[in-house]
Amino acid sequence: MRRLTLIIAVIMVTPLLALADTDPIPRLIDTDGPSQGVQPLELTELWRVGGDDEDDIIFGRIVDLKRHPNGNVYVLDNQLCQVVVISPEGEHLADLSRQGDGPGELRQPMALVFLEDDVLGVGMGFPGKVVAMTLDGTPRDSLFPVGEPAEGNIGIMMSTRLADGVLIASGGRLVFGGQGEAHTDRFLSVADESRTSFTRILNAKTPLDPAGNRWVETEAYFYDLRWDLGPGGTIYAPLKRDAYEVSVCDLTGKVMRVFGRNEKPRKRTQADKDDVSPLININNNPDNPQWDISDHDESITRIMYNHEDDTVWVLTPHGNNDQPEGILETWDVFSNAGEYLRQVPIPLGHEMQDGNCYLVGDGKLIVVRGTGSSFNGRRAPEEEEAVIEPLEVICYQVR
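Residue numbers (our numbering): 764 to 1162.
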């Protein structure tokens, strides 16, 4: 079972994103299946760290990782508030930062980006900002995509992406009015060239229950952890909860085209529904009678843009959960133009039951293995007993 619980604030949003442009949007929704069929990955293991090995790496909760052009892998630990640096050979090189509020220190870290070749950025959940540091951990000036604290900002930042020099973060702000009124603003925040000014796009606004009791899952949908950036900062995001559609947006938030598949969302069992709760749950109540839980999963779990061959990889709850013996996950791969090319099974099911995959360039795939290794909603079969596995990072070469 994959689940990430962050006690930060309560955010509830709507999927109804206003699009000002009334021109017809090109749509390519596949009904025929992948043109290149099913192509399982062939993998050769290069190294692994963590897990049960008696080395000096212990992971708490891994939420992101990135591979630097020099081959080093940077792994972000949300629980331990540090970045673990691993060499191309799998050697533990360093631990950067620590928990705290001082320069270069972290609280609720959520995402990694390389701001420059020698500058690492760590996106913090709350207070929402990007903490910058050199690759040896020396602090640099922070960035504030969701607003400066001096502005009275009460905001969070859930994910951060950078491609071709374009920096974008997904975030939100709590807005409190008089007489107990409250609402939330959700958006993507696009940095200018200097990264000192940010423009909010794809805004969404909903009422907020300050008591944290009322929660309607379908109204609360936002694509915080599901989107990615392509060349030139092109945004690939599942704007709709209940449709297998990837919206391709420009830096103004305009939807330029849509592609996807004609596939119904995965229907939940009662056990699945019992496992659903707000990502951010102020009351930490696992069974609130006022929660309105959907009968089916979101249509899209994750999107990864593969810059090596300009393909878009899409993981659904079907590809994440309903897999045959021996397969960890199955991804749908589309061309940059939206043609459904192939299905790609990840043949690691015999080795691991719970894992999360990252395409990191140079023909490499990194898998985070272990209990709670991700937050994308994978659920163990009901008949399986819970087995706690320590987190492990494994690097494979794709053949």
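Virtual Cβ for every residue (Gly too), placed ideally from N, Cα, C.
Please return the same chain residues whose Cβ sits closer than 7 Å to the Cβ of residue i, not counting the five positions on each side in sequence.
i	result
Ala926	Leu992, Gly993, Pro994 and Gly996
Pro890	Pro912
Phe961	Pro908, Ser952, Val953 and Ala954
Val848	Asn835, Tyr837, Leu856, Ala857 and Leu859
Leu1111	Leu1091, Gly1118 and Val1130
Ile964	Phe950, Leu951, Val953, Thr1015 and Gly1016
Ile788	Val1018, Arg1020 and Val1021
Ala783	The predicted model places Ala783 with a pLDDT of 45, which falls under 50 and marks its position as unreliable; any figure quoted below should be read in that light. The answer is none, since no qualifying residue turns up.
Ser1098	Thr1074 and Leu1104
Gly743	The structure shown does not extend to residue 743, since the chain spans only 764 to 1162, so no value can be given for it.
Lys1030	Asp1058 and His1059
Asn1069	Trp1076 and Leu1122
His831	Tyr837 and Phe877
Here's a check: name, in chain order, each residue in its chain whose Cβ is nearer than 6 Å to the Cβ of residue i, leaving out the five neighbours to either side.
i	result
Leu906	Val893 and Arg958
Ser1010	Ala1000, Leu1002, Val1018 and Val1021
Leu1014	Val953 and Gly996
Thr851	Checking the sequence shown, residue 851 turns out to be Pro, not Thr. Contacts found: Gly834.
Asp814	Correcting the residue identity first, residue 814 is Gly in this sequence and not Asp. Within the same chain, Gly814 has close Cβ partners Pro1153 and Glu1155.
Glu1114	none
Ile998	Cys1012
Glu1008	Val1021 and Gly1023
Asn966	Phe950
Which residues share a DSSP beta bridge with residue i?
i	result
Asn1069	Thr1074
Asn1119	Val1131
Leu992	Ile998
Asp1055	Val979
Gly935	Ile919 and Arg949
Leu859	Val846
Arg1020	Val1011
Ala974	Bridge partners of Ala974: none, in fact.
Lys1003	For Lys1003, which the question treats as bridged, DSSP gives no partner whatsoever.
Glu879	Val882
Met873	In the DSSP output, where bridge partners are listed per residue, Met873 has none listed.
Val749	Because residue 749 is not part of the residues shown, which for the chain are 764 to 1162, the question remains open.
Lys1189	Residue 1189 lies beyond the stretch modelled for the chain, which goes from 764 to 1162, so this question has no answer here.
Asp793	Arg1024
Is the CB-CB distance between residue i and residue j below 8 Å?
i	j	result
Val1156	Val838	yes
Gly1133	Leu1154	yes
Ala932	Val938	no
Ala874	Gly863	no
Ser1057	Thr1079	no
Arg1105	Gln842	no
Cys844	Leu869	yes
Asp827	Met921	no
Leu806	Arg1162	yes
Leu1122	Tyr1159	no
Trp978	Pro1052	no
Thr1172	Arg1004	Lying outside 764 to 1162, the shown extent of the chain, residue 1172 is not represented and no answer is given.
Pro1028	Asp1060	yes
Ile1109	Leu804	yes
In or out: residue i buried (at least 16 other Cβ within 10 Å) or exposed?
i	result
Ile821	exposed
Arg790	exposed
Asn1083	buried
Gln871	buried
Thr1074	buried
Ala1100	exposed
Asp1095	buried
Pro973	exposed
Arg824	buried
Asp1072	exposed
Lys829	buried
Thr794	exposed
Gly975	buried
Asp1085	exposed
Asp840	buried
Gly888	buried
Gly934	buried
Near residue i, what residues of its chain come up, given a Cβ to Cβ distance below 8 Å and the 5 sequence neighbours on each side ignored?
i	result
Leu707	Within the shown structure, residues of the chain are numbered from 764 to 1162, placing residue 707 beyond reach of any answer.
Arg924	Ala874, Val876, Leu930, Ile931, Ala932, Trp990, Asp991 and Leu992
Thr901	Gly867
Thr1064	Arg989, Leu1078, Thr1079, Pro1080, Gly1082, Asn1083, Asn1139 and Gly1140
Ser798	Glu1102, Tyr1103, Leu1104 and Arg1105
Ser854	For the record, residue 854 in the displayed sequence is Glu; it is not Ser. None.
Glu1026	Tyr1007, Ser1062, Thr1079 and His1081
Arg811	Gly853, Glu1155, Val1156, Ile1157 and Cys1158
Taking 8 Å as the CB-CB cut-off, is residue i touching chain D?
i	result
Leu1154	Structure shown: chain D not included; a single protein chain is present.
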